[in-house]
Amino acid sequence: MKIICIGRNYAKHIEELQNERPTEPVVFLKPDTSILLHKQPFFIPPWTNDVHHEVEVVVKINRIGKHIDSKFSHKYYDEIGLGIDFTARDIQAQCKEKGLPWEKAKAFDGAAVVSRSFISKSDLPELDALDFQLFKNDVLQQDGNTSHMLWKIDDIISYVSQFFTLKIGDLIYTGTPAGVSKVNDGDVLRGVLNGQNMFEIKIK
Ligand code: ZN
């Protein structure tokens with residue numbers, strides 16, 4: 000399986016990082032080895048001093064597809080989860096400055112948190128108005144709503160399927176809202192989707 004991530008999909012997060020607003024989705028991949036195993040803490044790698052949490056709505060693909068028209072995108076997923084796109088912001092800044100790819104900053108081991116359980120679409124309200132939050136040490140840090148996405152889930156599926164064949168079990172991370180911040184040893188991150196606790200991660 001592969002993880003496809005969308006960057007810069009929420010205007011306020013683009014502003015907080017002083018990035019340019021893209022004219023088409025920013026896309027990058029994480030390998031399967033980046034998935035943080037369940038019940039494992041996240042260990043801050045020794046080569047970075049600035050790992051940020053990015054909480055994101057995650058879509059699980061359930062059909063193989065390519066060149067998907069956005070009006071048919073809904074047929075390619077049944078379940079929604081929540082994840083963290085951990086980002087070594089210091090390394091990413093170096094890569095961006097040199098015009099290099101971001102993989103070292105985003106695709107390292109443990110950089111992809113994904114909730115163990117996913118929620119069926121049929122148990123969720125309108126997918127284009129889903130609330131999700133990230134709490135750090137029980138303090139609200141990121142407060143998102145999918146209505147603020149620049150590209151909606153169905154648009155993202157259509158877009159990325161022009162480049163990558165989507166396979167069963169692939170995950171799409173749909174971008175993070177504002178409020179990203181550095182994680183430190185001892186922090187506990189908790190993700191909430193539509194009022195349900197989805198994961199709790201200890202930082203070491
Ligand atoms: Zn992200």
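Numbering (numbering that gives the first Met the number 0), first residue to last: 0 to 203. Positions of the beta carbon are idealized from the N, C-alpha and C atoms, including for glycine. Given the structure is predicted, the values throughout are model-derived calculations rather than measurements.
Item                                                                                                     : Value
Extent of the continuous alpha helix (DSSP H) run through alanine 104                                    : 102–105
For glutamine 161, three-class secondary structure by DSSP                                               : coil
With 16 other Cβ atoms within 10 Å as the buried cut-off, status of alanine 104                          : buried
Sequence-distant residues of its chain with Cβ nearer than 6 Å to isoleucine 2 (five each side left out) : Lys29, Ala111, Leu170
Uninterrupted beta strand (DSSP E) stretches inside the segment 75–153 (no shorter than 3 residues)      : 76–84, 111–113, 130–135, 138–144
Run of the alpha helix (DSSP H) containing glutamate 15, from where it starts to where it stops          : 10–15
Status (buried if at least 16 other CB within 10 Å, exposed otherwise) for valine 138                    : exposed
Any non-hydrogen atom of the ligand ZN within 6 Å of aspartate 84 CB                                     : yes
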